[in-house]
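Right, one structure below, let's go through it.
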Amino acid sequence: MNADVGAVLPNIEDPQAAPFWNAARQGQLTMQRCLICRELRWTPQDTCPSCLSREYEWEVLSGKGKIYSHCTYYRVLNPAFTDVPYTVVMVELDEGPVIIGRLLNGPAEAMIDERVACAFSAISDEMTLVNFTLDK
Amino acid sequence: MGISPDTLAIVGIGRTAQGEHPGRTASSLAVEALAEALADAGITKDRLDGLITCKQMAGDGNDELVATTAGLHPKYSTTLDYGTCNFSLHQAQMVLRSGMASTIALTYGTNQRTDRFPFAGGRAPGAGSFSTPYGFAHVAGQAGMALQRWRHLYGTTEEEFAHIALSQREWAQLNPIALFKNPMTMEDYLAQPYLVDPLRRADITMISDGGVSLIVTTADRASEFTDRPIYLAGMAQVGATGSTFTQDDTVLRGWLRDVGDRVFESADLDRSDIDAVYIQDPTAVWPLQMLAHLGFQTPEDIGPWLAERHTYPGGNLPVNTNGGQLSEAYMWGWLHIFEGVQQLRGAADQRQINDARAVVYASTFAFVKAAASILVRGDS
Numbered sequence: 387m388n389a390d391v392g393a394v395l396p397n398i399e400d401p402q403a404a405p406f407w408n409a410a411r412q413g414q415l416t417m418q419r420c421l422i423c424r425e426l427r428w429t430p431q432d433t434c435p436s437c438l439s440r441e442y443e444w445e446v447l448s449g450k451g452k453i454y455s456h457c458t459y460y461r462v463l464n465p466a467f468t469d470v471p472y473t474v475v476m477v478e479l480d481e482g483p484v485i486i487g488r489l490l491n492g493p494a495e496a497m498i499d500e501r502v503a504c505a506f507s508a509i510s511d512e513m514t515l516v517n518f519t520l521d522k
Numbered sequence: 042m043g044i045s046p047d048t049l050a051i052v053g054i055g056r057t058a059q060g061e062h063p064g065r066t067a068s069s070l071a072v073e074a075l076a077e078a079l080a081d082a083g084i085t086k087d088r089l090d091g092l093i094t095c096k097q098m099a100g101d102g103n104d105e106l107v108a109t110t111a112g113l114h115p116k117y118s119t120t121l122d123y124g125t126c127n128f129s130l131h132q133a134q135m136v137l138r139s140g141m142a143s144t145i146a147l148t149y150g151t152n153q154r155t156d157r158f159p160f161a162g163g164r165a166p167g168a169g170s171f172s173t174p175y176g177f178a179h180v181a182g183q184a185g186m187a188l189q190r191w192r193h194l195y196g197t198t199e200e201e202f203a204h205i206a207l208s209q210r211e212w213a214q215l216n217p218i219a220l221f222k223n224p225m226t227m228e229d230y231l232a233q234p235y236l237v238d239p240l241r242r243a244d245i246t247m248i249s250d251g252g253v254s255l256i257v258t259t260a261d262r263a264s265e266f267t268d269r270p271i272y273l274a275g276m277a278q279v280g281a282t283g284s285t286f287t288q289d290d291t292v293l294r295g296w297l298r299d300v301g302d303r304v305f306e307s308a309d310l311d312r313s314d315i316d317a318v319y320i321q322d323p324t325a326v327w328p329l330q331m332l333a334h335l336g337f338q339t340p341e342d343i344g345p346w347l348a349e350r351h352t353y354p355g356g357n358l359p360v361n362t363n364g365g366q367l368s369e370a371y372m373w374g375w376l377h378i379f380e381g382v383q384q385l386r387g388a389a390d391q392r393q394i395n396d397a398r399a400v401v402y403a404s405t406f407a408f409v410k411a412a413a414s415i416l417v418r419g420d421s
């Protein structure tokens, strides 16, 4: 990650996103669960895509799952990310949803179906990213 | 087969030079292509009563701007914010059937190369704000994820996948307007470093400026314009299927199978009736997935099948005979339609497929919308 990553960071004041980033800062992975149909959803939004209800709660998840897919950036495609090579993984969480983060172990360790766990990476006082490491 | 008096007929095609057009706007390039298409159709702009424009990614090119630039006063006009021409063709067919217009220009122009449009993006809105901060930027990342998963499930090898880029480069060498014509061997391909592993530079679209335009009318009017009209014999779409890149079906895009089935059904044609396949290709992963999902091969068989060179010049199922976005130019799929019309007219010069009667063109918008069209010549 680089100094100018600020140019691409999300708006953590966004009412839908703020609870997620606040929990990440405290080392917890959270997602919204619909209070009506009980569907767990990702990414955050105020409406349940399953039953259209706007009643939900934030739920703390295990932070564990397996690699669904991965790719490794060798070329700088966005000036905010010059620290190539870096590996991005899609992780299928034990609770179901698929979430994107970096695999901190690096390219050689990236294998589909490998078990991983959340690794919380503080990049500033306000912002903690949810990355992953192998869970062996 | 289903050609009725109100079936859409393509009666004019136009394009600008491709590459770099410093100082030009998207609308200016769209209108330059429009002038070429009008000349091809043998008409002046006064004959147009409809206009359907397509914006470039940066946003320029709506119908008000294009109509103003070209001095048009259509009875009907609209703008689509997703490209590929398929959606525009289908919109035009619906307008023709409604009777709101009878002679419609479709346009697309872009100056995204010289304007240095940031395809890898800055701050991402919505769902992207949960992936961009990790450096998951540019379509190469999404396509890389999709290919890695595809290979895991279906076993396609690196060498088999290479044939998408290699066959399109071979076609481009027969295309005078193609921007990437240097010969490329398997060794050359494999020697390229990864851009985003598992994708190399050759697997990703170029960025270029240019414009494309089509003139369309109904089948019963087509003979007033040309003796070689090309008909829209079938069309199918799928609407937005989800907005986040976090679902199995979004990555593998299995929902394209339904579009494939419906487009052949709507044209009352089989896969075996198709003489060439056109697939919009921001990356080589799209042709890989879509050749399978359109029903030409199974996901398991497509790798070995590609290695048998069916998609190359001289092969029995030519794919992207213009060179596609990987080797010809980045016109968001519009030049694929242009090339399909040329092939069906018998006007594709060195690239001409023997007795081309029917072609299929499939495209997607991001990961959530898809469209397919079947074009045929009149006597098919």
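These protein sequences, in sequence, are chains C and E. Quick note: the first sequence uses the numbering used here, first residue 387, plus one each step. Quick note: the second sequence uses the numbering used here, first residue 42, plus one each step. Quick reminder that beta carbons are idealized off the backbone N, C-alpha and C, glycines included.
query: Does the segment 492 to 511 of chain C touch the segment 106 to 119 of chain E, meaning 3 or more C-beta pairs lie closer than 8 Å?
result: no
task: For the alpha helix (DSSP H) holding N127 of chain E, just list the boundary residues, first then last.
output: Stepping through the second sequence from its first residue, residue 127 of chain E is reached at position 86. N127 to S139 is the extent of the alpha helix (DSSP H) around N127 of chain E.
- request: Quick one: which unbroken alpha helix (DSSP H) runs of 4-plus residues sit fully inside the segment 187 to 242 of chain E? Chain order, please.
  value: 199 to 213 and 227 to 232
- prompt: Which parts of the segment 303 to 364 of chain E are runs of the alpha helix (DSSP H), unbroken and 4 residues or longer, counting only runs that do not cross its ends?
  reply: 326 to 334 and 343 to 348
Rounded Cβ spacing between T155 of chain E and T94 of chain E (contact assumed at less than 8 Å): Locating residue 155 of chain E in the second sequence gives position 114, counting from the first residue. Locating residue 94 of chain E in the second sequence gives position 53, counting from the first residue. At roughly 20 Å, the Cβ-Cβ gap does not stay under 8 Å, so T155 of chain E and T94 of chain E are not in contact.
- request: For S455 of chain C, return the contacting residues in chain E, with the cut-off set at a CB-CB distance below 8 Å.
  value: Counting from one through the first sequence, the residue named residue 455 of chain C turns up at place 69. Under the 8 Å cutoff, chain E gives M186, A187, Q189, R190, H193 and V292.
Beta-bridge partners of Y249 of chain E, as assigned by DSSP: In the second sequence, the residue the question calls residue 249 of chain E occupies position 208. Sequence check: residue 249 of chain E is Ser here, not Tyr. Looking at the DSSP assignment, S249 of chain E forms no beta bridge with any residue, so it has no partner.
- prompt: Would you call Q412 of chain C buried or exposed, if buried means 16 or more other Cβ atoms sit within 10 Å of its Cβ?
  reply: Numbered from its first residue, the first sequence carries residue 412 of chain C at position 26. By the 10 Å Cβ count, Q412 of chain C comes out exposed.
field: Residues that Y442 of chain C bridges to, as DSSP identifies them
entry: Taking the first residue of the first sequence as position 1, residue 442 of chain C is located at position 56. Note: Y442 of chain C sits in a beta bridge opposite C:C420.
Member of E:D314, E:Y272 and E:W327 whose CA lies at the smallest distance from the CA of L297 of chain E: Position 256 of the second sequence, counted from the first residue, corresponds to residue 297 of chain E. Checking every option, the nearest Cα to that of L297 of chain E belongs to E:W327.
- prompt: What is the DSSP secondary structure of V52 of chain E, counted as helix, strand or coil?
  reply: The residue labelled residue 52 of chain E in the question sits at position 11 within the second sequence. It is a strand residue.
- prompt: What are the boundary residues of the beta strand (DSSP E) that E105 of chain E is part of?
  reply: Here residue 105 of chain E is taken as the residue at index 64 of the second sequence, counted from 1. Element bounds for E105 of chain E: not the beta strand (DSSP E) but the alpha helix (DSSP H), D104 to A111.
query: Under 7 Å, do L194 of chain E and A133 of chain E count as touching if we go by C-beta distance?
result: On the second sequence, residue 194 of chain E is found 153 positions in, with the first residue counted as 1. On the second sequence, residue 133 of chain E is found 92 positions in, with the first residue counted as 1. No. Outside cutoff.
- request: Would you grab the beta carbon distance between G176 of chain E and F467 of chain C for me? Rounded to a whole angstrom, and I think it's under 8 Å.
  value: Here residue 176 of chain E refers to the residue found at position 135 of the second sequence. Here residue 467 of chain C refers to the residue found at position 81 of the first sequence. Right, the Cβ-Cβ distance comes to about 4 Å (below 8 Å), so this counts as a contact.
query: Quick one: which chain E residues come within Cβ less than 8 Å of G487 of chain C?
result: Indexing the first sequence from 1 puts residue 487 of chain C at position 101. Those are Y175, listed as they occur along chain E.
message: Against F467 of chain C, what residues of chain E qualify as contacts under a CB-to-CB distance less than 8 Å, listed in chain order?
response: Counted from its first residue, the first sequence places residue 467 of chain C at position 81. Result: G176 and A178.
query: Does any C-beta atom of chain E lie closer than 7 Å to the C-beta of Y459 of chain C?
result: Translated into the one-based positions of the first sequence, residue 459 of chain C becomes position 73. By this cut-off, Y459 of chain C is an interface position.
query: Would you say Y353 of chain E and E211 of chain E are within 7 Å of each other, going by their C-beta atoms?
result: Within the second sequence, the letter at position 312 stands for residue 353 of chain E. Within the second sequence, the letter at position 170 stands for residue 211 of chain E. For Y353 of chain E and E211 of chain E, yes; Cβs fall inside 7 Å.
message: For a contact defined as C-beta to C-beta under 7 Å, what are the partners of P234 of chain E on chain C?
response: Taking the first residue of the second sequence as 1, we reach residue 234 of chain E at position 193. The contacting residues are Y460.
query: Beta-carbon separation of V72 of chain E and A187 of chain E under 7 Å?
result: Along the second sequence, one-based indexing puts residue 72 of chain E at 31. Along the second sequence, one-based indexing puts residue 187 of chain E at 146. In this structure, A187 of chain E does not lie closer than 7 Å to V72 of chain E by Cβ.
- prompt: Alpha carbon to alpha carbon, what distance is there between E199 of chain E and T226 of chain E?
  reply: Counting from 1 along the second sequence, the entry for residue 226 of chain E is found at position 185. Counting from 1 along the second sequence, the entry for residue 199 of chain E is found at position 158. The straight-line gap from Cα to Cα measures roughly 14 Å.
field: CB of S414 of chain E within 7 Å of CB of N127 of chain E, strictly
entry: Translated into the one-based positions of the second sequence, residue 414 of chain E becomes position 373. Translated into the one-based positions of the second sequence, residue 127 of chain E becomes position 86. Yes, the Cβ-Cβ distance between S414 of chain E and N127 of chain E is below 7 Å.
task: Identify whether N397 of chain C lies in helix, strand or coil by the three-state DSSP scheme.
output: Here residue 397 of chain C refers to the residue found at position 11 of the first sequence. Taken through DSSP and simplified to helix, strand or coil, N397 of chain C comes out as coil.
- request: Closer than 8 Å by beta-carbon distance: list the chain C residues that pair up with S208 of chain E, in chain order.
  value: For this step, residue 208 of chain E is matched to residue 167 along the second sequence. Those do not exist, as S208 of chain E stays about 24 Å from chain C at its closest Cβ, beyond 8 Å.
message: What are the residues in the segment 248 to 266 of chain E lying within 7 Å of chain C by C-beta distance?
response: None of the residues of the segment 248 to 266 of chain E has a beta carbon lying less than 7 Å from any beta carbon of chain C.
Proximity test, Cβ basis, 7 Å: A508 of chain C and chain E: Looking up residue 508 of chain C in the first sequence gives position 122. Output row for A508 of chain C: interface = no.
message: Between which residues of its own chain and M141 of chain E is the CB-CB distance below 6 Å, once the five residues before and five after are set aside?
response: Position 100 of the second sequence holds residue 141 of chain E. The beta carbon of M141 of chain E lies closer than 6 Å to those of Y117 in the same chain, with the five residues before and after it left out.
- request: Could you check what DSSP says for I378 of chain E in three-state terms: helix, strand or coil?
  value: Within the second sequence, the letter at position 337 stands for residue 378 of chain E. I378 of chain E: helix per DSSP, three-state reduction.
query: Among C:V474, C:R427 and C:E481, which has the Cα closest to the Cα of V516 of chain C?
result: Taking the first residue of the first sequence as 1, we reach residue 516 of chain C at position 130. Restricting attention to C:V474, C:R427 and C:E481, the CA atom closest to the CA of V516 of chain C is found in C:V474.
field: CA-to-CA distance, T259 of chain E to A232 of chain E, given in whole angstroms
entry: To locate residue 232 of chain E, count along the second sequence from 1; it is residue 191. To locate residue 259 of chain E, count along the second sequence from 1; it is residue 218. Using only the alpha carbons, I get a separation of about 50 Å.
task: Output yes if chain E places a C-beta closer than 7 Å to the C-beta of Y442 of chain C; else output no.
output: Here the question's residue 442 of chain C lines up with position 56 in the first sequence. Answer no: the Cβ-Cβ gap between Y442 of chain C and chain E never drops below 7 Å.
task: On a CA-only basis, which of E:K410, E:D101 and E:L385 is nearest A277 of chain E? Give me that one, please.
output: Here residue 277 of chain E is taken as the residue at index 236 of the second sequence, counted from 1. The candidate whose alpha carbon is nearest that of A277 of chain E is E:K410.
- request: Could you name the residues that DSSP lists as bridge partners for F506 of chain C?
  value: Numbered from 1 along the first sequence, position 120 holds the residue referred to as residue 506 of chain C. Paired residue(s): C:V516.
- prompt: So, S455 of chain C versus R190 of chain E, is the Cβ gap smaller than 7 Å?
  reply: Position 69 of the first sequence, counted from the first residue, corresponds to residue 455 of chain C. Position 149 of the second sequence, counted from the first residue, corresponds to residue 190 of chain E. Contact: yes.
query: In whole angstroms, what separates the C-alpha of A243 of chain E from that of K452 of chain C?
result: Numbered from 1 along the second sequence, position 202 holds the residue referred to as residue 243 of chain E. Numbered from 1 along the first sequence, position 66 holds the residue referred to as residue 452 of chain C. Cα-Cα distance, rounded: 31 Å.
query: Name the chain C residues that come within less than 8 Å of V237 of chain E, Cβ to Cβ?
result: Stepping through the second sequence from its first residue, residue 237 of chain E is reached at position 196. The CB of V237 of chain E comes closer than 8 Å to the CB of C457, T458, Y459, Y460, R461 and L463 in chain C, given here in chain order.
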